[in-house]
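Going down the list, the sequences are from chains F, D and P. Using numbering that gives the first Met the number 0, the first residue of the first sequence is number 0, and each one after it goes up by one. Using numbering that gives the first Met the number 0, the first residue of the second sequence is number 0, and each one after it goes up by one. Using numbering that gives the first Met the number 0, the first residue of the third sequence is number 0, and each one after it goes up by one.
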Amino acid sequence: MTARILYNLLQVLVVMAFAPLMAGINARLKEIVQSKRGPSIFQPYRDLWKLFHKDEVVSKRASWIFRVTPYIAFVAPLFVAMLIPVLTSYPLFFAFMGDMLGGGFILALAGFFACLAAVDAGNPYGPMGASRTRMVSFLVEPVFMIVFFTVSFVAGSTIPYIVQQRWVASPADFFAPSHVLIVLAFLMIIIAETGRIPVDNPAGHFELAMIDESKGLEYSGTGAALMKWGGEMKAFVLMCIFLNVLVTPWGLAATTSVDAVLLAIPLVLLKMLGLIVVLVIVESSLAKLRLFRISEFLGAAFVTAVVAMIARLFAL
Amino acid sequence: MTHGVIGSVNALIGGLFLLTSFAMVATRQVRGCLGQFVYQSILLAASALLIGGSTASWHLVAVGLITLITKPILIPWLLRRTVPERIFTRREVALTVNATTSLLIALGLAVLSYFIARSLLFAAAADFAAVNLPIGIAGLLLGGYTLTVRREAVPQLIAILTMENSAFFAGIAIAPDLSIIAELAVAFDALVLAFVIGLLTRLIHERAGHTEVARLAELREEAKR
Amino acid sequence: MILIAIFVLPIAAAAVAMIEHRVAPAVTVAAALAAFGLAVHVGLTVAAGGSIAGIPGWIAADGLSALLLLLISFVGVTGAVFSVGYMARSGSDRRLRGYYASYNLFLASILAVPLLAELSMVWIAVELTTLFSVFLVGYTGDHAALEAAWKYAVLTLMGAAIALLGFLILFWGLRAAGGTAFTWDGVRNAAPGMTPALLGTAFLLILVGFGTKVGLVPLHTWLPDAHSQAPTPVCLLLSGVETSAVLYVILRLIPLAAGVGSGVWAQVFGLISVGAAAFLLLQVRDYKRLFAFSTVEHMGIILTAAGFGSGGAAYGATYQLLAHAVTKSFAFLAAGLVLLAMGTREIDQVRGLIRRSPLAGAAVLVGGLAIAGAPPFVVFLSEFSILRAGIGAGYYLAVGLLGLFVVIAFFGIMWHVARMAFGRPPEGMEPVRLPVSARIAVAIAGIPVVALGMYLPGPLHALLRLAAEALSR
């Protein structure tokens, strides 16, 4: 019992600690692919350290929403991390507090506050980016729902741990068309939700073209650090769901012994490294889509998800 | 279908085949359409080889090999020879129905074909047909839809070839022992089709300066201006 | 052997035409005449009760096939003769070489359709008829012709792909019912035992798919364009026999699929086509389109008759096939003469043909009357027998609609044709000399139009009865 609580907290700590590392590896790999050297993989840690030691400047017109949002953006992924399988394959203490739908809503809550805060600051670029982010999010929602309902239908439950045990039950299931299509659809969701090419350019500084980056424009000091860290953790959490529930539910601790759980940490990071390589390849080979083409991209994701659902329902 | 690994891989091939049909509905570029057709033909050949290997029918293996030679290799070569190169580098300006709506309509057609296939499969059974038949019917309907909404010549041609591909995809499961002469003749017919329509496209391009066949609409009953 | 020779001869002629272009017209006419002679022989043999040796399981000819062979080869001959003079003034020798080669290949592919017994080869033959005629339709090379060729190619190929799935499902049903050979006989034997879902789906797919090629409404949009833009001899083949050959495939399927309501589908589609064509041809501006719509109408009539299903209706359907082939080819020949005489396809600009070119005027009058179904021409007799058979089978509503549509079409055609033939000819044009070969072709084609209305030779009558047997349940 205490073991489960402890492991749950360990999960949260792992997410907090390693999310910037994953972001750093992502950035470095992208630069390497472009034949450059790239920043050190520990650079995000140094950025967070620097930001935490700076002063905050807050606009006079901002309300409490502006001040509260960084904390919400930081805490929301942590809550979701408590619900999903990160290290273990058996449900932990808080596992039944919320299912995947709940996790999705918590992340959406953070996004909602981020958009409100962007409008709150009075910066003209804030609302522009906020409206675009909303557009992408509401187009992602149906895809997410369908993916979610398909896997829950198969597993008979909406709790991520249980889905994880049932969805890829045998290696043959791995090649089932519904599985492959769900993976494809969720990959497109990750790209859209974490603001990568082809939906958005994370390395861009041009405010008129920003979608996801615009939510962090106005912040400084601690607020900026929390928003940044929160964004990295959101990406980590989404990738965790993708890997541990949908794609490769192997390599997680099956027993409650400490060794197994500690061994699971590098395994999870290794799997995530593989996913980051795939994402980097995708990002480096495509071009950013024009804004109104994003609906086509997500429409394609929707179609893929529905076809996966049909394939599963008709028992292919 | 209890075919184990081969069944699963065939199902995977079927899923990807369906995806290429969807991709063809929404692609804007002529080269993209041709690329999807090549992938689709390779998937068709793979499925034929797989089913032929698993049921030990050299018929289907021969069909797979013939398809592999004619469709992904010879047809694009023929098209590049007959259709002017400029057409491949152009982007289709507008689809008659925009891409997102087309994708949703295509989805509806795919669901419809699954229902049709289900009622057919209730009536009679065939190996692997649970995967190939609905996807074949879906490909046929999607190809027909693509044909009606496309404005350019080469995508329309590729839509016709897709329809034949899809009918064949269903056929390798429901009619595996069609005589080999018929299979050879159909493959040859696809080549002649590509050649003839490619030449016609070249003629239209020379005469009208464009290949947007939706713009050729002179013949009708109303008063000519 | 004879059966194989029938369609190999035009292929050989195509090869010769490509090699030695100066003899291309002569070789084409010779091959067509030889094929016609062989077809007459086949027809006489079959009508007398004998059978022709083919390749069992691949090539065979029964009554219906023999009838179609006769019609196709006859129209092929008249078209070839007409081409000699008509095309001589419309292209360089190189282009004409291509024309004659395509014409021969096209003729060979249409001839192959009734000859083949293996169903997958029938599909391939129908595909080939499209592919070989695409360039013939677009021969003149102007905008309208290319547009017509494109629509023709794309719509008929789409229909053929749909029909391909239909044939594959038919094969599936055949195998599931224990049949072995994918031939007409094999399917006919296995049909009672086939799963209704499979048989019905296959029939519908083939009806819709090949119906596109036959010109059934609403898939007919390419037909008026293609059949009006093509050069006249090609129109003969297209309108006179190609649609009939593809309709033959559907007609053979109707009694096989009778258990799943094929008769009703046939009647519905047929009546829709007749009605739509009758109304559409009222507002045409181009007299070749007029005759093209008339083709749609007649295909609908034949399909409806086959849908009635009784023996008398089947006889009427085959009679109408015969009547339509000879009359429609004559009508298009007349249209060709008008085009040569007046140089335009617009009805409004053609006036007083009788005065300007008596032969063209008389031909178009006779052709119009004949195709519209006036007595004493043969189309009247065949339509009358269909109506009578329909009443006998109890389909009063269908017969009523059919009669109404035929009357509407009659008035439409006669109005347009009379406007063209009579009246004051345009100023300042001298009488025109029509090419000799054109006159010969019209004369040859006119004989059956006039004669068959009054007398049906014994062997022909026997052949029609045998053909009707293949169509009825």
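All residues carry an ideal CB built from backbone N, CA and C; glycine is no exception.
Are the region 97-112 of chain P and the region 263-278 of chain P touching by the rule of at least three beta carbon pairs closer than 8 Å?
-> Contact check between the region 97-112 of chain P and the region 263-278 of chain P: fewer than three CB pairs, one atom from each, fall below 8 Å, which does not count as touching.
Kindly list, in the order they appear in chain D, the residues whose Cβ is closer than 7 Å to that of THR200(P).
-> Those within 7 Å of THR200(P) in chain D are LEU119.
Cβ of ALA307(F) within 8 Å of Cβ of ALA25(D)?
-> Not a contact, by the Cβ cut-off of 8 Å.
Does ILE12(D) come within less than 8 Å of chain P when only Cβ atoms are used?
-> no
Give a yes or no on whether the C-beta atoms belonging to ASN188(P) and GLY178(P) are separated by under 8 Å.
-> Closer than 8 Å, so yes.
Say whether chain P places a C-beta atom closer than 8 Å to the C-beta of ASP188(D).
-> yes
Consult DSSP for ILE157(D) and reduce its assignment to one of helix, strand or coil.
-> helix
How would you label ASP285(P), buried or exposed, when you count the other beta carbons within 10 angstroms and need 16 or more for buried?
-> Buried, because 16 or more other Cβ atoms sit within 10 Å of the Cβ of ASP285(P).
Taking C-beta pairs closer than 9 Å, name the residues in chain D that GLU295(F) reaches, listed in chain order.
-> ALA25, ASN97, ALA98, THR99 and LEU102
How should ARG131(F) be labelled, buried or exposed, when 16 other C-beta atoms within 10 angstroms of its C-beta is the threshold for buried?
-> buried
Apart from the five residues just before and just after VAL7(P), which ones in its own chain have a Cβ nearer than 8 Å to its Cβ?
-> ALA107
Output the distance between the C-alpha atoms of ALA229(P) and ALA371(P), rounded to the nearest integer angstrom.
-> Answer to the nearest angstrom: the Cα atoms are 22 Å apart.
In angstroms with no decimal places, state the Cα-to-Cα distance between ILE196(F) and LYS35(F).
-> 19 Å
According to a CB-to-CB cut-off of less than 7 Å, which residues of the region 158-173 of chain D neighbour chain P?
-> ILE159, MET162, GLU163, ALA166, ALA169, GLY170 and ILE173
Check each residue of the region 171-192 of chain F: if its Cβ is closer than 7 Å to any Cβ of chain D, include it; give the result in chain order.
-> ALA171, PHE174, ALA175, PRO176, VAL179 and LEU180
Beta-carbon neighbours of TYR113(D), restricted to chain F and to distances below 7 Å | ILE309 and PHE313
Excluding the 5 residues preceding and the 5 following ALA162(P) in the sequence, name in chain order all residues of the same chain whose CB lies nearer than 6 Å to its CB.
-> These residues qualify, in order along the chain: ILE205, GLY208 and PHE209.
For ALA22(F) versus GLU231(F), is the C-beta spacing smaller than 8 Å?
-> Taking C-beta atoms as the reference points, ALA22(F) and GLU231(F) count as a pair closer than 8 Å.
How long is the line joining the alpha carbons of ALA319(F) and LYS233(F), rounded to whole angstroms?
-> Residue 319(F) is absent from the structure shown; chain F starts at 0 and stops at 315.
Can you tell me the Cα-Cα spacing of LEU91(F) and VAL79(F), whole angstroms?
-> 13 Å
SER20(D) at chain F interface by Cβ criterion, 8 Å = Not an interface residue.
Can the beta-carbon of GLU151(D) be found less than 8 Å from the beta-carbon of VAL212(D)?
-> yes
Where does ILE51(P) fall in DSSP's three states?
-> coil
Contacts around TYR391(F), its chain only, beta-carbon distance under 7 Å, and the 5 residues preceding and following it disregarded | Absent from the structure is residue 391(F), since the part of chain F shown begins at 0 and ends at 315.
If the cut is a Cβ gap below 8 Å, which residues of chain P does LEU251(D) touch?
-> Chain D is shown only over 0 to 224; residue 251(D) falls outside these bounds and no answer can be derived.
Pick from ALA166(D), ILE171(D), VAL153(D) and ASN164(D): whose alpha carbon is nearest that of LEU78(D)?
-> VAL153(D)
ALA189(P) lies in the alpha helix (DSSP H); which residues open and close that run?
-> 183-189
Length of the line joining the Cα atoms of MET0(D) and PHE127(D) | Its pLDDT being 43, under 50, MET0(D) is placed unreliably in this model, and the coordinates cannot settle the point.
For GLY199(P) versus GLY262(P), is the C-beta distance shorter than 8 Å?
-> No. Outside cutoff.
Quick one: which chain D residues come within Cβ less than 8 Å of VAL306(F)?
-> The contacting residues are GLY14, LEU17, LEU18, PHE21, LEU106 and ALA109.
Alpha carbon to alpha carbon, what distance is there between GLU468(P) and THR194(P)?
-> 25 Å
Determine the chain D residues that contact THR303(F) at a beta-carbon separation under 9 Å, and present them in chain order.
-> LEU18 and PHE21
Could you give the distance in angstroms between the alpha-carbon of MET134(F) and the alpha-carbon of GLY203(F)?
-> 19 Å
Taking the C-alpha atoms as reference points, what is the distance between ARG224(D) and GLU146(P)?
-> Here the model assigns ARG224(D) a pLDDT of 41, short of 50, so the residue's position is not dependable, and the following value carries that caveat. Cα to Cα, the separation comes out at about 18 Å.
Listed from N- to C-terminal order along the chain, which residues in the region 180-208 of chain P have their beta-carbon within a distance smaller than 8 Å of any beta-carbon of chain B?
-> Of the chains in the structure shown, none is chain B; the protein chains are F, D and P.
Going by other Cβ atoms of all chains shown within 10 Å of its Cβ, with 16 needed for buried, is TYR144(D) buried or exposed?
-> buried
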